[in-house]
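> Sharing a structure, written as structure tokens. Questions coming.
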Amino acid sequence: ELLARSRAEIPADAARFGFVAAKQQEAEKLLENAISLLESRPQAEAWNHPRGIFYQRAGMDTAGKVVAVFPGQGSQYLNMGREIALNFPPLREAYAQMDAHFITEGSPPLSQVVFPIPAFDEERRQAQSATLRATDYAQAGIGTFSLGLYKILVQAGFQADFTAGHSFGELSALWAGDVLDDAGFLTLVKARGKAMSPPEGQELSDTGTMLAVKGDLAKIEEAVAAWDEVLIANQNSPSQVVLAGPTPAIENARRVLGDQGFKVTPLPVSAAFHTPLVAHASEPFAAAVAAVPFHEARIPVYSNTTGDPYPSEEREAQELLGQHILHPVIFKSQIEHIYAAGGRVFVEIGPRRIVTNLVDAILGDRPHLALPLNASRQKSSDRQLRTAVVQLKVAGVPLGDIDPYQVAS
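Per this note's numbering, residue 69 is the first one in the sequence shown, and the count goes up by one each step.
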């Protein structure tokens with residue numbers, strides 16, 4: 069009875085709380101916790117319990133405010149979405165579609181790389197991670213996971229009012245905004261990864277790497293100005309940029325900036341994206357983009373390159389995406405422009421919570437909600453998805469049954 073009633077539509081002005089429980093005993097315990105909090109804090113507007121209970125006195129007005137944001141390369145991890153793939157057909161179907169692209173060209177299918185045979189020694193695990201880190205597989209894995217997650221949400225009634233992506237995630241955003249259909253999206257995901265792989269005969273040459281740096285931006289920019297080979301590839305937030313360049317130069321930057329007190333984090337990528345070191349990828353990717361039909365966006369899709377919505381004219385949109393690989397990612401400006409246009413609820417659709425953290429850093433104390441669907445690499449992806457959906461429902465985002473596939477009890 070409780071399960072059936074929990075699926076009913078909640079009136080916008082009604083108080084609501086929600087949680088995820090695997091067993092009746094767990095549900096009983098969480099209900100007891102919720103009742104205690106409701107009795108002790110009757111005037112509270114909202115609260116979250118560490119056990120995963122979420123409460124609001126009333127739902128937010130989310131009409132025209134929902135933003136679907138998609139992560140880029142570096143967010144991938146082994147077995148991402150494993151439990152969702154087991155329980156939700158849309159994600160399995162997405163992996164099967166992308167597998168076909170790899171099999172056609174004689175490569176191991178994506179699913180075998182994302183979900184490898186379990187390794188029982190660290191050397192083997194590191195080798196499996198390195199295979200997934202290769203651009204061809206990393207981008208395909210992230211894009212496929214994002215596609216499957218988004219289809220699951222949409223099936224439950226999710227409606228985004230804006231879309232945006234970080235770096236590679238811009239392709240996912242274009243697909244979610246209906247600029248690309250499924251076939252065009254998967255084709256370009258594969259084409260982008262292939263184009264950005266080292267040219268034939270240069271597999272052992274240095275294609276560079278990337279480094280996230282957090283701290284005073286003016287001081288970071290001053291340090292970078294002294295290095296000829298290091299560029300700011302991503303303007304991520306008011307306190308974070310990503311540097312890119314040849315591997316020795318980035319390693320030097322890591323040491324110098326680390327010694328100066330900046331927080332430096334090497335990124336798990338296979339090249340210095342958005343720099344001349346991947347110039348070899350621009351022409352073949354632009355050619356692939358020009359060959360795929362573009363449609364007028366159903367909702368605004370914001371660009372990393374300009375910070376503004378994609379142009380409605382097909383050729384202009386194709387040219388903008390075709391040059392995307394070479395231009396810096398101005399993510400901070402992008403999010404600021406979406407916020408100015410009314411975006412308030414940012415849902416990260418893909419692996420981890422990298423984009424969620426950036427949105428929170430950019431918007432600071434301004435009213436907003438930023439929520440990942442798959443924050444942790446260690447926890448069940450299925451449970452994380454259900455918990456995020458509960459949070460969205462409690463916040464006021466209209467959503468129906470997320471899981472029509474469950475076995476009736």
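For glycine and all other residues, C-beta sits at the position ideal for the given N, C-alpha and C. Source: prediction; values computed, not measured.
Is DSSP giving Gly216 helix, strand or coil here?
Gly216: helix per DSSP, three-state reduction.
> Under 8 angstroms, do Leu460 and Leu453 count as touching if we go by C-beta distance?
No; because the gap between Cβ atoms is not below 8 angstroms, this pair is not in contact.
> Taking three-plus beta-carbon pairs below 8 angstroms as touching, is the segment 227-245 in contact with the segment 361-369?
Verdict: yes, contact present.
> Measuring only the C-alpha atoms, how far is Arg322 from Ser380?
Each residue's alpha carbon lies about 41 angstroms from the other.
> Please determine if the segment 146-153 and the segment 175-188 are in contact, where contact requires at least 3 C-beta pairs separated by less than 8 angstroms.
Short answer: they touch.
> Assign Arg119 to one of two classes, buried (16 or more other C-beta atoms within 10 Å of its C-beta) or exposed (fewer than that).
Exposed, because fewer than 16 other Cβ atoms sit within 10 Å of the Cβ of Arg119.
> What is the DSSP secondary structure of Leu279, reduced to helix, strand or coil?
It is a strand residue.
> Relative to the alpha-carbon of Gln141, which residue among Val247, Ser240 and Val457 has its alpha-carbon at the smallest distance?
Selected option, being the one with the closest Cα: Ser240.
> Tell me the rounded alpha-carbon separation between Ala136 and Val415.
So the two alpha carbons sit approximately 5 angstroms from each other.
> Count the other CB atoms within 10 Å of the CB of Val465; is the residue buried (16 or more) or exposed (fewer)?
Buried, since its Cβ has 16 or more Cβ neighbours within 10 Å.
> Jot down the residue ranges of each uninterrupted beta strand (DSSP E) in the segment 405-439, minimum 3 residues, whole runs only, in chain order.
The qualifying runs are 413-416.
> Does DSSP put Gly468 in a helix, in a strand, or in coil?
Correct three-state label for Gly468: coil.
> So for Tyr205, helix, strand or coil by DSSP?
Tyr205 falls in the helix class under three-state DSSP.
> Nearest to Asp81 by CA position, among Arg412, Ala126 and Ala112, is which residue?
Looking at the Cα atoms, Ala126 is the closest of the given residues.
> Can at least three beta-carbon pairs, one atom from the segment 196-209 and one from the segment 257-268, be found at a separation below 8 angstroms?
They touch, by the three-pair rule.
> Use the C-beta contact count for Leu311: other C-beta atoms within 10 angstroms, 16 or more gives buried, fewer gives exposed.
Buried.
> Roughly how many whole angstroms lie between the Cα atoms of Glu238 and Glu107?
About 46 angstroms.
> Relative to the C-alpha of Gln446, which residue among Pro79, Glu94, Arg150 and Ile103 is closest?
Ranking the options by Cα distance to Gln446, first place goes to Arg150.
> For Ser401, which of Leu178, Thr212, Ala251 and Leu426 has the nearest alpha-carbon?
Comparing Cα-Cα distances from Ser401 to each of Leu178, Thr212, Ala251 and Leu426, the minimum goes to Leu426.
> Which whole-angstrom value is the C-beta distance of Gln227 and Val346, which I expect to be below 8 angstroms?
Between Val346 and Gln227 the Cβ distance is about 35 angstroms, and since that is not below 8 angstroms, they are no contact.
> Ignore the nearest five residues each way along the sequence and tell me which others in Ile78's own chain have a CB closer than 6 angstroms to its CB.
The residues are Arg84.
> Given Gly410, which residues of its chain have a CB within under 7 angstroms of its CB, disregarding the five upstream and five downstream residues?
Answer for Gly410: Gly132 and Lys133, listed in chain order.
> Asn147 by DSSP, collapsed to three states: which one?
If DSSP states are grouped into helix, strand and coil, Asn147 belongs with coil.
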